[in-house]
Amino acid sequence: MVRVTEELVLSSDNVTLYHAADPLLGHLPLLLFHGPSTTANYTLNSSRVQVHVFTPAGFQSFPRITISPNSPFYGVVHHLPREFQGDEVYRALAFALFKYFTELPDGVKTYLKNLYPTRGRRPGSAPTLFSEQHAAEIVKDMVQSDHTADIIETLQDALQTQHISNVDLDFVLPPGAIVPLQAADLEDVPDDEDDILDPTLRQYGGYTPLIRLFGEPVFLPTSRLRRAPSKPTALNRSKSFLKDQKVELRMKLTELVETEERYVGKVRELVKHVAADFRESAQARAPGSLSPSEEELEKLFPSSADGILQVNSAFMEEMRRIIDDTEEEALKDMETPTMGFMGSKLGRTRDPSGALQIARLFLEWFPKFTECYQDYIKASQHFPTLLNSFLDQQSSFKQRVAQAGEQTIRSILIEPVQRLPRYSLLIDQIVGCIPMTHPALQPMLKARDIITNICSMDDPLPDKPHVANRLRNMVEAWPLNLEPQGRLIAAADFTELAPPFQPLLNQSDRSGIFLLFSDCVVILKKMSGNMTGRELLREIEKPSAAGLLISMTNAAGGPAAYEFVFTGWHDMADVRFTEAVDGTLFWMTSTSEMRGAHPGEHRISKAVTSRCFLLQEMYEARASKWGEDVVKARVEARFSEKEREDPTWTLRSARMPDSNLGLHAAIFQEGADQLIEGRKEPAPIRVVVDHDRGTKGAPVGHYGVEIVVNVTTNDMKKVSMLTVGLNGRQFQDEVALEDFLPTMSRRGEKQHDNP
C-alpha cells in the first residue's frame with residue numbers, strides 16, 4: 001500500500017483556528033490555522049509561524065514561514081485595515097492566504113472562476129479573485145474559533161490519507177524474445193523448481209530470471225479460454241523417486257486400465273444388450289401400443305452411447321498395450337529408488353513406469369471424447385423424467401424394465417456421466433505419486449484440463465448486448481445508448497458518504513452498487529428490496545423465475561418494479577480509485593464529467609469531482625480487493641481477447657513485501673515498428689526492456705503514459721534503470737537483479753512526490 005495524498009499534520013495544542021466566509025467563492029468558509037512554528041529546527045521560534053489553509057481549492061500547509069517585508073507576498077498586508085496591519089496574527093494570516101492563492105495551479109483557479117462566476121456585479125464592487133485585495137478582504141473578516149480541536153478532528157476524517165494497493169504496468173520485451181513452448185517441451189523438466197511449477201517461464205529464454213520476479217501467471221478469461229490451467233492438488237516436491245512411490249504409481253496405472261476395462265464392459269452391455277433389446281422391441285411395436293416409439297426411445301438411449309463405446313474401446317486397447325509393454329521394465333525399475341530424478345530429453349523416450357506414455361495417450365484421445373460425451377451428458381439430464389413417464393404407462397416396456405431391473409437400468413444409464421470425473425480423480429492420484437521432476441507431470445495436468453472442459457458443458461458467454469438488455473430491464477433509466485463493450489467483472493455494494501466521510505452517520509438513502517466492466521464503471525442507486533451485488537450478477541447470468549417475470553414486465557411496459565436506478569457511468573480511463581488505510585472506504589476521482597446522469601429526481605452532479613464510498617457485503621473492508629479487480633479490468637480492456645489468448649502474452653502479479661503494493665504486469669514482446677490490432681492506450685507505467693534491441697517505447701505524457709522505466713539487462717546479474725516521470729524527474733540506477741522490483745517500486749512512488 002502506497003500513500004498518494006499528504007498526511008494532515010495538525011494539533012490543537014499548537015494552532016488556533018480563524019475562519020470567515022468568502023463571498024467570491026460561494027460564501028463558503030475559509031479556514032486558517034495559525035500558531036508558532038514547531039518544526040524540528042525551530043521549536044516555538046517567534047519569528048517564524050505555521051499556517052494551514054483550507055478552502056474550496058483544497059488544503060495546504062506552511063509549517064514554517066517568515067513574515068518578511070522583503071517577501072513578494074508581503075504586499076497583501078498593506079491592503080488590511082490599519083488596525084489589522086499591526087496585529088502579527090492577522091499579518092501572518094493575510095501573508096499565508098495570499099501565498100496560498102498565488103501558488104494555486106492555473107487549472108484550479110480557472111475551475112473555481114467558472115464554478116463561482118462574478119459576472120453581473122457592478123465593476124469595482126468586488127476584488128479580483130485570488131488577488132492581494134481578495135485575501136485581505138477575507139482576513140479582515142476572520143474571527144477566532146472556540147472549537148479548534150473539534151474542527152481539526154473533523155478535517156482529519158475529511159482529509160484522511162488515501163492510498164493505492166495495486167498498479168498495472170506494461171512490461172515490454174524485444175521482438176523475438178518470447179518463444180512459445182511446444183507440447184513436447186513440457187516433457188523436459190528443468191533444474192529450477194519455479195520452472196517446473198510454471199512451465200511458461202521457459203519461453204522467455206535469457207529473460208526468464210527477470211520475468212520470474214513478477215510472480216505466477218494470472219488468468220483472465222476470454223470467450224474461448226474460460227478457466228485457468230490446472231495445478232497439481234497434491235504435488236510431491238521431492239526430486240527423488242522412491243521404491244514405494246514407484247510401486248504406488250504402477251498400482252494406480254494398473255487400476256486405471258482395469259477400471260477402464262470394467263467401464264467399457266458396462267457401456268457395451270448398455271449399447272449391445274439393454275439399448276439394442278429395447279430398440280428392437282420399439283421397431284416391432286404394434287400400432288396403438290403404450291410403449292415408447294423409436295423416436296422417444298432414442299432420447300433414453302441416445303446414439304452418442306454408441307460413439308462412447310467405440311472411442312473408449314479403442315482407448316482401452318491402447319492403454320492395455322502400454323501397460324503390458326512396460327510391465328517388465330517397470331518391475332525392474334521398482335527394485336531401486338531413483339535419486340535426483342530429472343526429466344531430461346532422455347526421459348522423453350524412456351520412462352520405465354509407463355506414466356509418460358499414458359499421459360501422451362490422454363492428450364491424444366481425450367479430445368476425441370468431447371462430442372459424444374457432451375451429447376450424452378446433455379441427454380442424461382432428461383433420463384429420470386423420461387424413464388418415469390414411460391413407466392407410468394401399463395405397457396410391455398414397463399414389463400421389460402421390471403425383468404431387466406429398474407435400478408440396474410438407471411445405474412447403467414448414468415455410467416458414462418460418472419466416468420469423466422473419475423479420470424480427473426485418477427490423474428490427481430497419479431500426479432501425487434510422481435516427483436515434481438517427472439516428465440509426465442505437465443502432460444498429465446494438460447490432460448486433466450481437457451476432461452474439465454468436457455465436463456463443464458460451458459454455455460456460450462452471454463454476449464454484450466444480452467447483458468445490457470438484461471440490465472436495461474432490471475435498472476430504471478438505463479440509457480438506451482449504453483452497451484458496455486467489456487466483460488461484466490464485478491458488482492460492489494456501497495454507501496456513498498458525504499463530507500466529512502464519517503461512516504457512522506445514517507446514510508442508507510445513499511446506498512448503491514458499482515458495476516465494474518472492463519471498459520467502464522456504472523453507478524446504480526438502490527431503490528427498494530435488498531438484492532446485493534452478488535445476487536444481481538447471478539440474476540443477470542441465470543435469471544430466477546421471479547426476476548425474469550419482473551424484468552419481462554418492465555420490458556413490456558407493465559407496472560414498473562425496479563430495485564435499482566441508473567445514476568451515471570464513467571469510462572475506465574476517466575476515473576482513478578484510491579482507498580483508506582483500513583480498507584473500509586475508497587474514493588473515485590474523475591477527470592471528465594460523469595455520463596448518462598439521471599435526468600429526474602435521482603439526478604446527481606456530473607461535474608468532475610472526488611466521491612467517497614463505504615464498501616459493503618463481499619467487499620466490506622476489502623478496498624484493496626476492489627482496487628485489484630479494477631486494475632485487472634484495465635488490463636483486460638487494454639488487450640484484445642485474441643492477443644490475450646496468444647501464449648506470448650501473460651499477466652503476472654507480484655506483491656512487494658515492504659509496502660504490500662501489488663504490481664500487475666502485462667508481459668509481452670513488441671517491436672518499435674509494430675502496430676497491434678485491437679490494442680488500446682498503454683498503461684500509465686511502461687517498462688521497456690533493452691530498447692537498443694528494437695523494443696517499442698512510449699514517450700512520457702503521450703496516451704496516458706505517466707512513468708517510463710527503460711531497463712538494460714546487461715549480464716542479468718545487474719540491470720541498469722532509467723526512470724522518467726511526468727514531472728520531469730529522472731532516476732538512474734544500477735541494481736542487482738533481486739533489487740529490481742523494490743527499486744522500481746520506490747522510484748515510481750517518488751515520481752508522485754512533489755519535486
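Going by full-length UniProt numbering, the first residue of the sequence shown is number 1, and it counts up by one from there.
C-beta: ideal position from N, C-alpha, C; glycine also.
8 Å contact criterion, which A623 and G662 should meet: CB distance rounded: Contact flag wrong, Cβ pair sits at about 13 Å.
For residue 810, count the other beta carbons within 10 Å of its own beta carbon; 16 or more makes it buried, fewer makes it exposed. Which is it? This structure cannot settle anything about residue 810, because the visible part of the chain is limited to 1 through 755.
Classification of A183 by the beta-carbon crowding that lies within 10 angstroms, buried from 16 upward: exposed
Closest to T66 by C-alpha separation, out of E83, L242, E88 and P81, would be which residue? E88
Option nearest K750 by Cα separation, candidates E738, V735 and F731: F731
Should R82 go down as buried or exposed, given a rule of 16 or more other Cβ atoms within 10 Å for buried? exposed
Assign H664 to one of three DSSP states: helix, strand, or coil. strand
What's the C-alpha gap between E6 and G529? 40 Å
Only counting the same chain, and skipping five residues up and downstream in sequence, which positions put a Cβ closer than 8 Å to that of R279? E294, L297 and F301
Is S223 buried or exposed, if buried means 16 or more other CB atoms sit within 10 Å of its CB? exposed
H27 to T161 span [Cα, whole Å]: 27 Å
Using 10 angstroms around the beta-carbon of Y703, count the other beta-carbons present and answer buried if the total reaches 16, otherwise exposed. exposed
Considering only residues of the same chain and omitting the five flanking positions on each side of R3, which have a CB-CB separation below 7 Å? T161 and H163
Which residues bound the beta strand (DSSP E) around A654? T650 to R655
Which runs of the alpha helix (DSSP H), 4 residues or longer, sit entirely within the stretch 370-443? 383-391, 396-404 and 406-433
Between the stretch 363-380 and the stretch 407-416, do three or more beta carbon pairs fall short of 8 Å? yes
For the pair the stretch 682-691 and the stretch 706-726, tell me if three or more CB-CB distances fall below 8 Å. yes
Going by DSSP, what residue range makes up the beta strand (DSSP E) through residue 763? This structure does not reach residue 763, given that the chain is present from 1 up to 755, and the question cannot be answered.
What are the boundary residues of the alpha helix (DSSP H) that includes Y703? Element bounds for Y703: n/a, residue is neither H nor E.
Starting from the C-beta of R603, find all residues in its chain whose C-beta is less than 7 Å away, skip the five residues before and the five after it, and write them out in chain order. A597
Should L136 and H79 be called a contact, given that it needs their Cβ atoms to be closer than 7 Å? First, the residue type needs correcting, since residue 136 is Ala and not Leu in the sequence shown. Contact: yes.
Skipping 5 residues on each side, what residues in its chain have a beta carbon closer than 7 Å to that of L112? L25, P56 and A57
Using the three-state DSSP reduction, which class does G486 fall into: helix, strand or coil? coil
According to DSSP, what are the bridge partners of F278? Partner(s): none; F278 has no beta bridge.
Looking only at DSSP bridge pairs, what is V688 linked to? V172 and N710
Own chain residues within Cβ distance below 8 Å of P682, not counting five before or after: D170, R638, A698, Y703, G704 and V705
Using the rule of at least 16 other Cβ atoms within 10 Å of the residue's Cβ for burial, across every protein chain shown, is M594 buried or exposed? buried
In angstroms, rounded to a whole number, what distance separates the CA positions of T208 and F214? 10 Å
Take V475 as the anchor and find which of F514, L651 and P503 has the nearest alpha-carbon. F514
Pairwise C-alpha distance: F517 and L220: 13 Å
Spatial distance of A21 from E645 (CA atoms): 59 Å
Buried or exposed: which applies to L549, given that a residue is buried once 16 or more other Cβ atoms fall within 10 Å of its Cβ? exposed
Report yes if the CB atom of V179 is closer than 7 Å to the CB atom of E670, and no otherwise. no
Residues in its own chain within less than 8 Å of A149 by CB, not counting five upstream and five downstream? S12
What's the C-alpha gap between S344 and D629? Any answer about S344 is weak, because its pLDDT of 48 lies below 50 and its placement is not dependable; what the coordinates show is given next. Taking the straight line from one Cα to the other gives about 40 Å.
Indicate the three-state DSSP secondary structure (helix, strand or coil) for L159 in the structure shown. coil
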